[in-house]
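Protein chains in written order, with our numbering: chain A, 24 to 354; chain B, 24 to 354. Glycine included, every Cβ here is placed at the ideal spot set by N, Cα and C.
Protein chains: 2
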Amino acid sequence: MLEHGGRLLRAARQYGIPASDWLDLSTGVSPFPWPVPELPASVWHRLPEDDDGLIETARAYYGAPDLLPVAGSQAAIQALPQLRVPSRVGVIAPGYAEHAHAWRRAWHEVATLPAGELLAQAHRFDVVVLIHPNNPGGERFGSAQLLELHARLAARGGWLVVDEAFIDVEPDASLCAETAREGLIVLRSVGKFFGMAGARAGFVCASPLLLDALRERLGPWTLSGPSRHALRLALADKAWQASARPRLRAAGERLSGILRAAGLEPAGGCALFQWCRHADARALHKALARRGILTRLFDTPASLRFGLPADEAGFLRLRDALAGIHAEAIA
Amino acid sequence: MLEHGGRLLRAARQYGIPASDWLDLSTGVSPFPWPVPELPASVWHRLPEDDDGLIETARAYYGAPDLLPVAGSQAAIQALPQLRVPSRVGVIAPGYAEHAHAWRRAWHEVATLPAGELLAQAHRFDVVVLIHPNNPGGERFGSAQLLELHARLAARGGWLVVDEAFIDVEPDASLCAETAREGLIVLRSVGKFFGMAGARAGFVCASPLLLDALRERLGPWTLSGPSRHALRLALADKAWQASARPRLRAAGERLSGILRAAGLEPAGGCALFQWCRHADARALHKALARRGILTRLFDTPASLRFGLPADEAGFLRLRDALAGIHAEAIA
């Protein structure tokens with residue numbers, strides 16, 4: 024199993040700091056979650072039903088002609104490689120590591136490449152897997168460029184898979200509306216923008232042919248009743264969505280400013296996280312953890328990802344911790 | 024995708040009866056669900072963590088040395104066949120159809136046999152899949168008989184898979200405590216006894232070696248945060264569990280009595296459902312549906328499964344509907 028962010032309880036034990044005292048910046052989950060109302064008892068009691076209105080609401084939110092709810096992007100990431108004969112697969116790197124892991128496990132020949140090289144060498148691959156904006160690097164791609172890439176892949180029966188888990192703050196950059204095209208597969212998640220990482224829910228936007236194969240592979244009831252219920256309401260809540268976007272953008276800029284002021288110029292990022300290369304990232308990760316601030320450490324390249332603090336106290340705590348670490352290093 | 028019970032909304036459209044007016048007996052889910060309390064917001068917001076105490080609580084409830092939470096038995100049913108090289112697999116029939124379906128899809132050679140034949144011909148198989156008590160037939164097996172069968176299979180690297188989704192009313196019949204034995208795999212579900220079909224949650228009890236392989240196959244975060252939270256409380260609620268068992272047994276006997284009085288002698292069942300063979304099961308299914316009573320129809324053999332009504336009004340409605348259908352048939 025690969026290592027992930029969000030291991031607060033383990034960090035709490037490791038550093039002897041109670042879980043409630045941590046500033047957890049280890050995920051890219053929004054700290055301003057959509058407020059889930061109390062649930063009707065029936066969502067626990069009854070088997071979830073496909074025709075509860077979730078699909079229609081999701082189609083409208085994502086602007087996708089067809090989609091399939093899945094138990095988080097993770098479920099789609101694991102299942103998609105099982106729908107192809109062994110193929111040559113190019114995956115963006117550094118990036119969310121589960122993509123390459125899942126394709127390798129399904130016996131595909133996988134190369135991981137930085138965004139520029141991946142796009143330049145797309146002719147080598149049957150499948151190209153991008154993350155947009157990339158996590159943790161934050162790389163962006165133009166829609167025209169991606170559609171042109173897709174057309175080249177599709178012409179030889181290939182796929183372009185785009186993981187848009189972090190795109191909700193800038194929905195115009197999404198390719199969801201184009202996913203009637205055979206071989207264009209877009210993954211969306213409600214974990215990040217809606218702050219509902221616990222719901223384990225996302226959507227695959229793709230052609231009906233591909234969604235049928237994926238549905239058959241994933242089996243019935245991929246989402247729990249409580250998650251279906253909450254999602255349907257969250258995806259329909261346009262007023263909340265409209266207020267969350269500027270709030271997240273502002274928080275992202277504040278975070279980026281604090282890191283920059285501490286000498287940690289972000290190498291990339293998006294509204295929901297900032298990514299900083301650092302020669303001794305591991306030492307910085309530990310120094311922050313000793314101060315009860317949990318970040319996500321990457322070894323290759325040595326770097327830290329910072330999620331958003333939930334409030335001004337959190338921003339100040341991060342700023343002061345970075346200043347303290349800097350002072351220690353000089354002393 | 025196979026057909027399942029729990030398609031109330033579709034039946035509502037098909038028969039022109041509002042969903043709220045139906046008596047839904049199409050599942051084996053308990054109509055006396057464990058009362059889920061209001062959830063803390065954090066279970067939606069945060070990524071679920073493995074070390075939240077769920078595992079320890081589940082081990083105590085199931086009496087299993089090791090177990091893995093999964094997104095319903097369904098997730099385990101789909102994943103287990105992927106952990107073996109193509110094998111000869113014997114599956115109980117009639118039984119929950121997803122078992123045979125999942126083994127076939129993973130390229131195994133599958134035979135479906137009635138319980139007696141399956142046990143008698145176990146030497147033909149590398150893997151034997153039982154449902155205990157069986158759904159819909161209700162067949163029971165002694166622990167000694169199953170452990171002896173497991174020993175024979177395990178001696179040649181085989182598996183005994185026992186789906187105990189309906190066993191919670193009679194926990195002494197479970198094999199969970201024996202699952203340290205390599206090749207003995209028991210599936211449990213919280214959907215039926217706890218009435219939490221919407222949670223999409225269950226457990227696989229097996230050896231650490233097998234659970235490691237399954238964990239790797241299923242990936243991280245198989246359960247949502249709300250489900251983990253509710254499950255941990257439900258599995259620890261011994262007082263509720265102790266009161267639910269006699270209540271379900273009594274309801275099962277009442278259901279069986281009503282069916283018998285209507286000339287539908289159950290061919291099998293358990294506390295949570297009764298199963299009746301009927302030469303014209305399809306016509307009876309439709310006649311009940313026209314009266315707003317949804318049952319589960321099986322074609323092979325022609326039969327109906329009746330779940331439990333939630334209250335006396337439901338029992339009387341079923342009794343009167345069966346009497347009305349009988350009167351129509353005579354008229």
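Quick one: residues in its chain with C-beta nearer than 7 Å to the C-beta of residue i, no 5 flanking neighbours on either side, listed in chain order?
i	result
B:Leu320	Ala304, Arg305, His308 and Leu327
B:Gly95	Ser212, Gly214, Arg223, Ala224 and Gly225
A:Leu246	Pro71, Pro92, Ala94 and Ala224
A:Arg111	Glu132, Arg147, Phe148 and Asp149
A:Gln101	Ala125
Determine the chain B residues that contact residue i at a beta-carbon separation under 9 Å, and present them in chain order.
i	result
A:Gln101	Arg240, Leu241 and Gly242
Classify residue i: buried if its beta carbon has 16 or more other beta carbons within 10 angstroms, exposed otherwise.
i	result
B:Gly51	buried
B:Gly39	exposed
A:His146	exposed
A:Glu61	exposed
A:Trp45	buried
B:Arg97	First, the amino acid is wrong: residue 97 of chain B is Gln here, not Arg. By the neighbour-count rule (16 or more Cβ atoms within 10 Å), B:Gln97 is buried.
B:Gln37	exposed
B:Pro289	buried
B:Glu187	buried
B:Arg283	exposed
B:Arg313	exposed
B:Ile353	exposed
B:Leu311	buried
A:Arg255	buried
Just confirm the distance between the C-beta atoms of residue i and residue j, as a whole number of angstroms; I'd bet it's less than 8 Å.
i	j	result
B:Val93	B:Leu271	Rounded, the Cβ-Cβ distance is 24 Å, inconsistent with contact.
A:Phe338	A:Pro159	About 20 Å; that fails the 8 Å criterion.
B:Leu106	B:Ala236	5 Å
B:Ala252	B:Leu207	Contrary to the premise, residue 252 of chain B reads as His rather than Ala in this sequence. Contact flag wrong, Cβ pair sits at about 30 Å.
A:Ala203	A:Pro88	5 Å
B:Ala64	A:Val66	No, B:Ala64 and A:Val66 are not in contact; Cβ-Cβ is about 17 Å, not under 8 Å.
B:Asp47	B:Leu341	Actually they do not touch by this definition, with Cβ atoms about 11 Å apart.
B:Gly161	B:Gly292	4 Å
Starting from the C-beta of residue i, find all residues in its chain whose C-beta is less than 6 Å away, skip the five residues before and the five after it, and write them out in chain order.
i	result
A:Leu141	Gly113 and Ile115
B:Val192	Arg268, Leu271 and Ala294
A:Ala302	none
A:Ala350	none
A:Val209	Val185, Glu187, Leu198, Cys199, Thr202 and Cys228
8 Å is my cut-off, CB to CB: does residue i come that close to chain A?
i	result
B:Gly248	yes
B:Glu72	yes
B:Ala34	no
B:Arg223	yes
B:Gln97	yes
B:Val133	no
B:His68	yes
B:Pro104	no
B:Arg270	no
B:Ala129	no
B:Glu109	Note that residue 109 of chain B is Pro in the sequence shown, not Glu. Closer than 8 Å: no.
Would a check of beta-carbon distances place residue i closer than 8 Å to chain B?
i	result
A:Glu79	no
A:Arg283	no
A:Val112	no
A:Val59	yes
A:Leu46	no
A:Pro231	no
A:Arg30	yes
A:Ala64	yes
A:Ala200	no
A:Ala123	no
Any Cβ of chain E within less than 8 Å of the Cβ of residue i?
i	result
B:Thr50	Judged by its chain identifiers, the structure shown contains no chain E, and its protein chains are A and B.
Please list, in chain order, the chain A residues whose beta carbon lies closer than 7 Å to that of residue i.
i	result
B:Val192	Those within 7 Å of B:Val192 in chain A number zero; the least Cβ separation is about 17 Å.
B:Ala94	Ala94
Only counting the same chain, and skipping five residues up and downstream in sequence, which positions put a Cβ closer than 8 Å to that of residue i?
i	result
B:Leu169	Leu153, His155, Leu183, Val185 and Leu198
B:Asp260	Trp57
A:Trp244	Leu70 and Pro71
B:Ser53	Lys215, Phe216, Phe217, Gly218, Ala267, Leu271, Leu295 and Leu331
A:Leu136	Gly113, Val114, Ile115, Ala116 and Gln144
A:Arg238	Leu91
Residue i touches chain A at which residues, Cβ-Cβ below 9 Å?
i	result
B:His155	Within 9 Å Cβ-Cβ: nothing; B:His155 doesn't reach chain A, min ~21 Å.
B:Ala253	Trp67 and Pro249
How would you list, in chain order, the residues of chain B whose beta-carbon sits under 7 Å from the beta-carbon of residue i?
i	result
A:Gly218	His68
Which bits of chain B does residue i rub up against, with CB to CB less than 8 Å?
i	result
A:Pro137	Going along chain B, no residue has its Cβ under 8 Å from A:Pro137, so there is no contact; the nearest lies around 25 Å.
A:Pro56	Ala64, Trp67 and His68
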